[in-house]
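Colleague: Note that full-length UniProt numbering gives residue 82 to position 82 of the sequence shown, counting from 1, and the numbers run on in steps of one.
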Amino acid sequence: MSTQPAIALSGLRKRFAQGGTVALDDVALDVAPGEIFGIVGRSGAGKSTLIRCVNLLERPDAGRITVLGQDMLALDEASLRAARRRIGMVFQHFNLHSRRTVAENIAFPLEVAGIARAERQARVAEILPLVGLEAKRDAYPAQLSGGQKQRVGIARALASRPEILLCDEATSALDPETTQEILALIRDLRARLDLTVLLITHEMGVVKAICDRVAVMEAGRVIEQGRVFDVFTQPAHPTTRRFVAEVIGHSVPAATLARLPAPGEGETRRLVQVVFAGPASTRAVVSEASRDFGIDINIVSGRVDEIAGEPFGVMALAAYGPPERLEAAFAWMLGLGLTVTELEG
Ligand SMILES: Nc1ncnc2c1ncn2[C@@H]1O[C@H](COP(=O)(O)OP(=O)(O)OP(=O)(O)O)[C@@H](O)[C@H]1O
């Protein structure tokens, strides 16, 4: 793998209108060749603006954008058109021409680029099987399911044989099952075509399913970034913790909480989520803590999950004992590299 990033962004700033919202506030990130990099954030965080800066659909007020070694902001019109052919883009609402067939939709960007008919047909024939749409070649968008429409959107993005694929909420209009199919397709295409993928999403589930690394955005800034496994098992920022909780979280149901024993005389009860990952994941943490700190631990719930084949455990624990012993036990767990998050109070 080359050490030069496929996409390198630095110091990106964008404000819409004088005195208006700051959509990007000093954003920097690098995407390595061949990786699937996710940008996650709530609505208005700046994700769309950021991804649209990569192919200059949006121009930043300041910063640097280097794509496949080219300084995008220094290109003249013709070079920019050529650079954009190396960057495919997939949209949330597919953006298909309703009066064009599947094959014609896929060929459309090639037509715009002035590529001859025979070559266009050859490319369409090459791409259709990659996205599993040979049988739908002559169908119109209205005859397709949402998942099939997005397959056309992906095929169209691949028509110019790009090295980079930008996905702008590509699965947000799809049901959960179709979302998984499309994500699997993107992962498969990345491997087959040696693509680098940058995607934006508001769903941490999408990140968990296919991304290698992730950046979390809030109010125009990247507040945290790293390997997906690390961000899921050791989220540092409160916003990231909330995102992660949507996927692996343990909000303990009120009825379960109500059934938990009340703390005894001189004791308190602390309800925490512990994420086990890395070297400490095989230690008998619950029994060690209970024995060495003289506290009682009630396992409220627990499960093992994995990201890209790396396992981790998530447990909700109700711990009972004198406050200072509980504090010491949690500090010991943190010291082992476990992530301990308070679930109530
Ligand atoms: N063309 C525009 N004109 C004015 N303001 C804009 C424009 N595009 C985006 N904004 C503003 O910039 C901020 C970031 O928007 P952006 O669309 O990048 O966020 P997002 O994270 O992609 O959210 P969403 O998922 O809702 O699109 C928001 O406050 C938005 O209102």
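A virtual CB, placed ideally from N, CA and C, is assigned to each residue, including glycine.
Determine the burial state of residue 347: buried for a count of at least 16 other Cβ atoms within 10 Å of its Cβ, exposed for fewer.
Modeller: There is no way to answer for residue 347, as the model of the chain reaches only from 1 to 345.
Colleague: Please report the residue range of the beta strand (DSSP E) in which Thr3 lies.
Modeller: Position 3 of the sequence shown holds residue 3. Run containing Thr3: none; DSSP gives neither H nor E here.
Colleague: Assign Pro261 to one of two classes, buried (16 or more other C-beta atoms within 10 Å of its C-beta) or exposed (fewer than that).
Modeller: Within the sequence shown, numbered from 1, the residue matching residue 261 stands at position 261. So Pro261 ends up on the exposed side.
Colleague: If you draw a straight line from the C-alpha of Leu195 to the C-alpha of Ala159, how long is it?
Modeller: Counted from its first residue, the sequence shown places residue 195 at position 195. Counted from its first residue, the sequence shown places residue 159 at position 159. Using only the alpha carbons, I get a separation of about 13 Å.
Colleague: Please tell me whether, using a cut-off of 8 Å, the distance from the CB of His93 to the nearest non-hydrogen atom of ligand 1 is below it.
Modeller: On the sequence shown, residue 93 is found 93 positions in, with the first residue counted as 1. Result no, Cβ not under 8 Å from ligand 1.
Colleague: So what does DSSP say about Leu193, is it helix, strand or coil?
Modeller: As a first step, residue 193 must be located in the sequence shown, where it is residue number 193. In this structure, Leu193 counts as helix in the three-state DSSP scheme.
Colleague: Within the chosen definition, does the region 64-79 reach the region 145-153 through at least 3 CB pairs nearer than 8 Å?
Modeller: The region 64-79 vs the region 145-153: no contact.
Colleague: Comparing the CB of Ala316 with every heavy atom of ligand 1, is any distance shorter than 8 Å?
Modeller: By 1-based counting over the sequence shown, the position of residue 316 is 316. No - ligand 1 has no heavy atom lying nearer than 8 Å to the Cβ of Ala316.
Colleague: Should Arg213 and Gly226 be called a contact, given that it needs their Cβ atoms to be closer than 9 Å?
Modeller: Your numbering for residue 213 matches position 213 in the sequence shown. Your numbering for residue 226 matches position 226 in the sequence shown. Result yes, Cβ atoms of Arg213 and Gly226 sit closer than 9 Å.
Colleague: Can you determine whether any heavy atom of ligand 1 sits closer than 8 Å to the C-beta of Glu169, and answer yes or no?
Modeller: Locating residue 169 in the sequence shown gives position 169, counting from the first residue. Result yes, Cβ under 8 Å from ligand 1.
Colleague: Where do the ends of the alpha helix (DSSP H) carrying residue 349 lie?
Modeller: The structure shown does not extend to residue 349, since the chain spans only 1 to 345, so no value can be given for it.
Colleague: Given a cut-off of 9 Å, decide if Gly335 and Asp296 are closer than it, judged by their beta-carbon atoms.
Modeller: For the purposes of this step, residue 296 is taken as residue 296 along the sequence shown, with counting starting at 1. For the purposes of this step, residue 335 is taken as residue 335 along the sequence shown, with counting starting at 1. No.
Colleague: What residues match up with Tyr320 in a beta bridge as DSSP calls it?
Modeller: Translated into positions along the sequence shown, residue 320 becomes position 320. Its beta-bridge partners are Arg269 and Asp296.
Colleague: What whole-angstrom Cβ distance do Pro60 and Leu29 have, given they're in contact under 8 Å?
Modeller: For this step, residue 60 is matched to residue 60 along the sequence shown. For this step, residue 29 is matched to residue 29 along the sequence shown. That belief does not hold up - the Cβ atoms of Pro60 and Leu29 are roughly 13 Å apart, past 8 Å.
Colleague: For Leu317 and Ala107, what's the separation of their Cα atoms in angstroms?
Modeller: Reading the sequence shown from its first residue, position 317 is the one you call residue 317. Reading the sequence shown from its first residue, position 107 is the one you call residue 107. Cα-Cα distance, rounded: 56 Å.
Colleague: What separation, rounded to the nearest whole angstrom, lies between the Cα atoms of Ala258 and Ala328?
Modeller: By one-based count along the sequence shown, residue 258 stands at place 258. By one-based count along the sequence shown, residue 328 stands at place 328. So the two alpha carbons sit approximately 26 Å from each other.
Colleague: What I want to know is whether the C-beta of Ala173 ends up closer than 8 Å to one or more non-hydrogen atoms of ligand 1.
Modeller: Within the sequence shown, residue 173 is the residue found at index 173, counting from 1. No - ligand 1 has no heavy atom lying nearer than 8 Å to the Cβ of Ala173.
Colleague: Measure the beta-carbon distance from Leu343 to Val272 and round it to whole angstroms, keeping in mind my assumption that it falls under 8 Å.
Modeller: For the purposes of this step, residue 343 is identified with residue 343 of the sequence shown, where counting begins at 1. For the purposes of this step, residue 272 is identified with residue 272 of the sequence shown, where counting begins at 1. Confirmed, Cβ separation roughly 6 Å.
Colleague: Per DSSP, what kind of secondary structure is Phe114 in: helix, strand or coil?
Modeller: Translated into the one-based positions of the sequence shown, residue 114 becomes position 114. Note on identity: in this sequence residue 114 is Gly, with Phe being the wrong assignment. Looking at Gly114 - three-state DSSP - the assignment turns out to be coil, as it is neither helix nor strand.
Colleague: In terms of alpha-carbon separation, which member of Arg52, Leu24 and Arg81 lies closest to Gly114?
Modeller: Against the sequence shown, residue 114 aligns to sequence position 114. Gly114 has its Cα closest to that of Arg81, out of Arg52, Leu24 and Arg81.
Colleague: Under 8 Å: do the region 61-68 and the region 125-142 share three or more Cβ pairs, one atom per stretch?
Modeller: Output reads no: the region 125-142 does not touch the region 61-68.
Colleague: Return yes when the C-beta of Ala45 is under 8 Å from any heavy atom of ligand 1, and no when it is not.
Modeller: For the purposes of this step, residue 45 is taken as residue 45 along the sequence shown, with counting starting at 1. Yes, the Cβ of Ala45 comes within 8 Å of a heavy atom of ligand 1.
Colleague: Closer than 8 Å to a non-hydrogen atom of ligand 1 - does that hold for the CB of Ala17?
Modeller: On the sequence shown, position 17 is the one that residue 17 refers to. Yes - ligand 1 has a heavy atom lying nearer than 8 Å to the Cβ of Ala17.
Colleague: When the Cα atoms are used, what is the spatial distance from Ile39 to Glu288?
Modeller: For the purposes of this step, residue 39 is taken as residue 39 along the sequence shown, with counting starting at 1. For the purposes of this step, residue 288 is taken as residue 288 along the sequence shown, with counting starting at 1. Taking the straight line joining both Cα atoms gives about 39 Å.
Colleague: Whole angstroms are fine: how far does the CA of Val275 sit from the CA of Phe16?
Modeller: Within the sequence shown, residue 16 is the residue found at index 16, counting from 1. Within the sequence shown, residue 275 is the residue found at index 275, counting from 1. Phe16 and Val275: Cα-Cα distance of roughly 40 Å.
Colleague: In this structure, does DSSP put Leu68 in helix, strand or coil?
Modeller: As a first step, residue 68 is located in the sequence shown; it is residue number 68 there, counting from the start. Reduced to three states, the DSSP call for Leu68 is coil.
Colleague: What alpha helix (DSSP H) runs, 4 residues minimum, are completely inside the region 85-162?
Modeller: Listed in chain order, they are 102-112, 117-130 and 146-158.
Colleague: Based on Cα-Cα distance, which residue from Val206, Glu324, Gly205 and Thr178 lies nearest to Gly266?
Modeller: Stepping through the sequence shown from its first residue, residue 266 is reached at position 266. For Gly266, the nearest C-alpha among the options comes from Glu324.
Colleague: Candidates Met89, Ala331 and Met333: which alpha carbon is nearest Leu199's?
Modeller: For the purposes of this step, residue 199 is taken as residue 199 along the sequence shown, with counting starting at 1. When each option's Cα is compared against that of Leu199, the closest is Met89.
Colleague: Give the range of the alpha helix (DSSP H) segment to which Asp230 is assigned.
Modeller: Within the sequence shown, the letter at position 230 stands for residue 230. First-last of the alpha helix (DSSP H) with Asp230: Val228 to Thr233.
Colleague: Ordered along the chain, which non-local residues of its own chain (more than five positions away) have a Cβ less than 7 Å from that of residue 359?
Modeller: For the chain, the structure presents residues 1 to 345; residue 359 sits outside this window and is missing.
Colleague: Report the rounded CA-to-CA distance for Val216 versus Ile51, giving the unit in angstroms.
Modeller: Indexing the sequence shown from 1 puts residue 216 at position 216. Indexing the sequence shown from 1 puts residue 51 at position 51. Approximately 13 Å, taken between the alpha carbons.
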